[in-house]
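Residue numbers (this note's numbering), protein chains in the order written: chain A, 2 to 131; chain B, 2 to 190.
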């Protein structure tokens, strides 16, 4: 077994695709529709055949309640790893994203958090090299 | 029984797209060799829909006002949406929503069979995908009603089927939209 796809709920798939590609720099991987259903994933250009992130339309009231609650607690819904958190912070901020936490040293890593404009907090993590 | 391996879809035909503001509508017309009554049953009866349609229904779609759960078949994740039948004039006209897609069907007697027209709104990037999918569904439906079913071909199973990819490209060219690079090269062998 492999971890191949993880999902994040978004309030608008087109808006999410723009943010995750144009602002975060991921690449569209799969975009398929069957009736009202749309299967949309992105992947990292650094790892085109790596784990995919599904941008899933949140039309489930229970999931909406959960999503809003953890957003209000500033809890990240997803975490991405980077080798250059300062550089990514500047680039993503330059793309217009709002950070709720600038790069901050914590035990074993440096983390930053931002809003994805689709209902989620995203965390960036750079592991410390010891 | 028919045989899926013997089935090769005809080239793209009988399709139009219409733009109304930001909303795109796919219009598909098919001549089926079966009576409007038989086609009506295939469009509304869950036991028939299960044999050809891209969704399963948990109730009959043939009664105005009815609420029916439609579940996508063979999509990467199960997707359930509630449909409300807004028009059911047997065996002539049927209207309901499939999620945010409006589905409008018209059945007209035609040369001993039925001229079936579907109007459905689909986002522009997926309109050729929808046309290719419905094209195959209607072929499956025609064979089902003719007593030689070849089995439902929908969702991921349709995409794997070579004819779908050819149709997808053909409809995209007919509609004058970008010929899709789908499935992505990486997913192909």
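Ideal Cβ positions, reconstructed from N, Cα and C, are used throughout, including at glycine.
Judged by their CB atoms, residue 122 (chain A) and residue 77 (chain A) are nearer to each other than the 8 Å cut-off.
Not flagged as an interface residue toward chain A: residue 118 (chain B), since no C-beta distance is shorter than 8 Å. Separation of residue 89 (chain A) and residue 83 (chain A) (C-alpha to C-alpha, rounded to the nearest whole angstrom) is 8 Å. Contact of residue 99 (chain B) with chain A by beta-carbon distance below 7 Å involves 36, 37.
Rounded to the nearest angstrom, the gap between the Cα atoms of residue 107 (chain B) and residue 83 (chain B) is 21 Å. Exclusion of the five residues before and after residue 54 (chain A) leaves 6, 7, 8, 9, 21, 27, 42, 43, 44, 79 as the residues of its chain whose Cβ lies within less than 8 Å of its Cβ. Pairing residue 99 (chain B) with residue 71 (chain B) gives a Cβ-Cβ distance under 8 Å. Taken atom to atom, the span from the alpha-carbon of residue 21 (chain B) to that of residue 101 (chain B) is near 16 Å. Non-local C-beta neighbours of residue 116 (chain A) in its own chain, meaning closer than 6 Å and more than five positions away in sequence, comprise 99, ordered along the chain.
Fully enclosed alpha helix (DSSP H) runs of no fewer than 4 residues occupy 62-73 of the region 22-94 of chain A, in order along the chain.
Residues of chain A with a Cβ closer than 8 Å to the Cβ of residue 139 (chain B) do not exist, since the nearest Cβ in that chain sits about 15 Å away. Taking C-beta separations shorter than 8 Å and ignoring five residues to either side along the sequence, the partners of residue 51 (chain A) in its chain run 44, 45, following chain order. If only uninterrupted beta strand (DSSP E) runs of at least 3 residues are considered, those enclosed by the region 69-126 of chain B are 81-90, 94-99, 102-111, 114-122. According to DSSP, residue 8 (chain A) shares a beta bridge with A:55. Note that the C-beta distance between residue 115 (chain B) and residue 35 (chain B) is below 8 Å. Boundaries around residue 31 (chain B) are those of the beta strand (DSSP E), 24-33, since no alpha helix (DSSP H) includes it. A contact between stretches requires three or more CB pairs, one per stretch, nearer than 8 Å, and the region 57-68 of chain B fails this requirement with the region 142-161 of chain B. Any Cβ of chain A closer than 8 Å to the Cβ of residue 56 (chain B) would place that residue at the interface, and such an atom is present.
Closest option to residue 28 (chain B), judged by alpha-carbon separation, among B:8, B:119, B:148, B:97: B:119. Membership of residue 111 (chain A) in the beta strand (DSSP E) is indicated by the continuous run 110-116.
Excluding the 5 residues flanking it on each side, residue 172 (chain B) has same chain C-beta neighbours closer than 7 Å at 13, 16, 129, 132, 133, in chain order. For residue 47 (chain B), the nearest beta carbon of chain A is not closer than 8 Å to its own beta carbon. A residue is called buried once 16 or more other Cβ atoms fall within 10 Å of its Cβ, and residue 4 (chain A), having fewer, is exposed. Chain order gives the chain A residues near residue 127 (chain B) as 34, where near means a beta carbon separation below 7 Å. Of all residues in the region 147-165 of chain B, only 155, 156, 160 place a beta-carbon less than 8 Å from a beta-carbon of chain A. Your pair residue 33 (chain B) and residue 62 (chain B) does not check out as a contact, with CB atoms roughly 18 Å apart and the cut at 8 Å. Against chain A, the beta carbon of residue 115 (chain B) has no neighbour under 8 Å; the closest one sits roughly 23 Å away. When 9 Å is used as the limit between beta carbons, residue 73 (chain B) is near these residues of chain A: 35, 36, 37, 38, in chain order. Classified as buried, residue 127 (chain A) has 16 or more neighbouring CB atoms from the shown chains inside 10 Å of its CB.
Nearest in C-alpha terms to residue 92 (chain A), of all of A:23, A:11, A:118, A:35, is A:23. Here residue 162 (chain B) carries a coil assignment [DSSP, helix/strand/coil]. Under the 10 Å beta carbon count, residue 103 (chain A) is surrounded by fewer than 16 other beta carbons and is classified as exposed. Taking a beta-carbon distance threshold of 8 Å, residue 77 (chain B) counts as an interface residue toward chain A.
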